[in-house]
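Everything on this sheet refers to the single structure shown next.
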Amino acid sequence: MADHTRPVIEETTGASAKVADAPESWPVERSEERYRGAKCGMRTDWVEMPGANGDGRTVAARDYMDHPGAAAIVALDDQGRVLVQRQYRHPTRHTLWELPAGLIDGEGEGPLATARRELVEESSLRAATWHKLPDFFPSTGFSNERIHVFLARDLSEVPAEEIDFVREHEETDLAAEWLPLPEAVRAVLEGRLHNGATVIGILAAHAASQDGFASLPAASDD
Numbered sequence: 001m002a003d004h005t006r007p008v009i010e011e012t013t014g015a016s017a018k019v020a021d022a023p024e025s026w027p028v029e030r031s032e033e034r035y036r037g038a039k040c041g042m043r044t045d046w047v048e049m050p051g052a053n054g055d056g057r058t059v060a061a062r063d064y065m066d067h068p069g070a071a072a073i074v075a076l077d078d079q080g081r082v083l084v085q086r087q088y089r090h091p092t093r094h095t096l097w098e099l100p101a102g103l104i105d106g107e108g109e110g111p112l113a114t115a116r117r118e119l120v121e122e123s124s125l126r127a128a129t130w131h132k133l134p135d136f137f138p139s140t141g142f143s144n145e146r147i148h149v150f151l152a153r154d155l156s157e158v159p160a161e162e163i164d165f166v167r168e169h170e171e172t173d174l175a176a177e178w179l180p181l182p183e184a185v186r187a188v189l190e191g192r193l194h195n196g197a198t199v200i201g202i203l204a205a206h207a208a209s210q211d212g213f214a215s216l217p218a219a220s221d222d
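For the sequence shown, position 62 (counting from the first letter as 1) is numbered 62 according to full-length UniProt numbering, and the numbering increases by one without interruption.
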């Protein structure tokens, strides 16, 4: 009898195999940094582009936010619950329930190392098992920011004396909740969660849970 409880993942062939993002960089005539702040900058590139109707080439200015990238963590405990934390986000004028996350701004630090660090700093947790969930560009027309999302399992608490980090500003008001993964999915679909990494991470983790996470690649900074 066929098992209808799990999705069938078929091999990608034919035209659908062509649908995959790929690195590419058009020539930049010149580039100018307009602003540099603590977390990101603003830059204008003058990019060589095809002319109208394919007639020659032209140069167009493109403004964008220059961002170091970020890592977000779907921390799943042994009861199948995902950790979400409430934090004030001033640009949106909202308090948002989000996954633990942070900027990839440590010296020589890759996305996985950032994820491990942020899980300790924001949640006082470590994870023995890490898998890679889909990464994404949250605003491709405006920013080069890339957010890497990880699934963290086999969690354990970190003793307070081992945490060399002091929360400040918005992080002093963090509140935490553990939601069963199906309830977290419901919160996304009902429009109660709006943070991009949280929405993508929860839906991806739920999809991956259907085969016990067997299809997920192990996380690595290599």
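Every residue, glycine too, gets a C-beta built ideally from N, C-alpha and C. As the structure is a computational prediction, the values presented were derived from the model and not from experiment.
- In this model, G212 and E145 are separated by some 30 Å (Cα to Cα).
- When the Cα atoms are used, A52 and A175 turn out to be separated by approximately 53 Å.
- Restricted to the UniProt domain "Nudix hydrolase" (65 to 206), the alpha helix (DSSP H) segments that are unbroken, complete and at least 4 residues in length are 111 to 123 and 181 to 189, listed in chain order.
- In the three-state reduction of the DSSP assignment, A60 falls in the strand class, which pools E and B.
- Residue pairing by DSSP places A218 opposite H131 in a beta bridge.
- A residue is called buried once 16 or more other Cβ atoms fall within 10 Å of its Cβ, and L189, having fewer, is exposed.
- Linking T58 to W46 through their CA atoms gives a straight-line distance of about 10 Å.
- Beta-bridge partners assigned by DSSP to R30: W46.
- The beta-bridge partner set that DSSP reports for G41 consists of R36 and D66.
- The Cβ-Cβ distance between F137 and I73 does not fall below 8 Å.
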